[in-house]
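Per UniProt numbering, the very first residue in the sequence shown carries number 1; after that it's consecutive.
First up is the structure itself, then whatever we jot down about it.
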Amino acid sequence: MPLSELGPGAHALLGAVNSVVLENGSGGALLVDTGLDDAHARKLLREVEGLGLVPAAILNTHSHADHHGGNAFILKKFPELPVYAPPLEAAVINFPVLEPLSLFGAMPPRELQTKFLFAPASPAQPVEAGRQTLGGAAVELLAVPGHAAQMYAVRVGDVLYAADALFGPEALGKHPLTFCVDSAAQKASAAALGELSGVRVVLPGHGGPTSDLPELARLNLRAYERTTGAVQGALAEGAATVDELLPRVCTALGVQMTNAGAVVLNRAVVSAHLTEGLAAGWARLDVRDQRLLFAQT
1 MPLSELGPGA HALLGAVNSV VLENGSGGAL LVDTGLDDAH ARKLLREVEG LGLVPAAILN
61 THSHADHHGG NAFILKKFPE LPVYAPPLEA AVINFPVLEP LSLFGAMPPR ELQTKFLFAP
121 ASPAQPVEAG RQTLGGAAVE LLAVPGHAAQ MYAVRVGDVL YAADALFGPE ALGKHPLTFC
181 VDSAAQKASA AALGELSGVR VVLPGHGGPT SDLPELARLN LRAYERTTGA VQGALAEGAA
241 TVDELLPRVC TALGVQMTNA GAVVLNRAVV SAHLTEGLAA GWARLDVRDQ RLLFAQT
């Protein structure tokens, strides 16, 4: 699929995960998120070269494998290319085992060492939120934690790349248990983006561009609250461990888990909403019979 123009000097490669290309005015381009693997990165480079541009830097909005898995392919061709990411996410991009390790709670078994959870390492350096010039391109990095511990949305004028702080309607429907590590922060980030003014077009990390930022934010908040409701409903069935609550939540949301990766990812989502519940007072945590139990208050 060829690049779609988002605005002057701003382009997007749309796919299962989106990439953004930002021209720097000097024949170079900042590549924002490089996709899951070599196949996506190869398409991205081909389209960038088709515009007569040369990669000047990479920005990974967060450390999930589908957003930085293409780094390795691009760095083989441009080994001196700087790579930037939020500080905590940069650590994971440098040491990708941290992603499946954190999900599993120990060194991951072979079943969790897939490209969806364990991308090749690349030398990301930390960059702070705010106005930055990366690869010669001026950008505004907006802190939008929740989906990941740290994550940036990227704004250039009236164009906003929301990364995974917002998802398109199709992605929300396909993945009712929208991944997060901090559901309260996820909701706050979506709400904050929805209140931005002067945004003409917004591109989520997964899904097509839209001109209606407030509506996209509302759709996401509705989906996140639905997950919270499913976790509350699961607690209403009786005190249980996270692993016992997970199938209750999946049944309520119509989710079918068929592989180890789906289980650990969805387990993390339930845990995040339980942590939100503990802080909000609608859940409590007990240790009983050598088990960590969550119950409704």
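The C-beta atom is built at its ideal place from N, Cα and C for all residues, glycine as well.
Just so we're clear, the structure is a prediction, and the values are computed from it rather than from any experiment.
Asked: Residue range of the alpha helix (DSSP H) that V222 falls in?; Found: Checking the displayed sequence, the identity of residue 222 turns out to be Arg instead of Val. From DSSP, the alpha helix (DSSP H) with R222 extends over 213-236.
Asked: Give the single residue among L101, P123, Q232, W282 whose Cα lies nearest to the Cα of Q113.; Found: L101
Asked: Measuring only between beta-carbons, confirm whether L81 sits less than 8 Å from chain B.; Found: Among the chains of the structure shown, chain B does not appear; only one protein chain is present.
Asked: Which complete beta strand (DSSP E) runs does the stretch 14-47 hold, if anything under 3 residues is left out?; Found: 19-23, 28-32
Asked: Between the stretch 161-175 and the stretch 119-135, do three or more beta carbon pairs fall short of 8 Å?; Found: no
Asked: Using 8 Å as the threshold, is the C-beta distance between S63 and A148 below it?; Found: yes
Asked: Which residue from D158, A192, A143, A230 puts its Cα closest to that of T178?; Found: A230
Asked: Please classify D164 as buried or exposed, where buried requires at least 16 neighbouring CB atoms within 10 angstroms.; Found: buried
Asked: Buried or exposed for V287, going by 16 or more other Cβ atoms inside 10 Å?; Found: exposed
Asked: Report the option in G146, A162, V92 whose CA atom is closest to the CA atom of P214.; Found: A162
Asked: Closer than 7 Å: is that where the CB of E49 sits relative to any heavy atom of the ligand ATP?; Found: What this structure holds is no ligand at all, so the ligand ATP is not there to describe.
Asked: Please determine if the stretch 55-62 and the stretch 24-40 are in contact, where contact requires at least 3 C-beta pairs separated by less than 8 Å.; Found: yes
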